[in-house]
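Numbering (the numbering used here), first residue to last: 13 to 115.
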């Protein structure tokens, strides 16, 4: 389920209406209060990482669609999808190192 995006003023008003401080909300959700204030003030854009998680949790950004191929894949999953095991990639690295001329 995606949420409609809210304005920072709407989010702040919701905190006041609920009687909850931003600091308390941050602690409950495992975020640093400074990072939450930065998201609400616009000092961070929330494009990736913790800032993005905060923006989504606050409602500043919509939750990303879950059907984007490769969006949540780890490096290991990418290697598997490309038909290469992690041991093969390790071997590739050692071959490259062995073929380098000595200084």
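The C-beta atom is built at its ideal place from N, Cα and C for all residues, glycine as well.
The DSSP-derived three-state label of residue 16 is coil. In this model, residue 36 and residue 46 are separated by some 12 angstroms (Cα to Cα). In terms of Cβ geometry, residue 42 and residue 51 do not form a close pair [threshold 8 angstroms]. One Cα belongs to residue 18, the other to residue 66, and the distance between them is close to 13 angstroms. Apart from the 5 residues on each side of it in sequence, residue 23 sits with its Cβ closer than 8 angstroms to the Cβ of 52, 70, 71 and 72 in its chain, given in chain order. In this chain, residue 74 is not harboured by any alpha helix (DSSP H), its DSSP state being neither H nor E.
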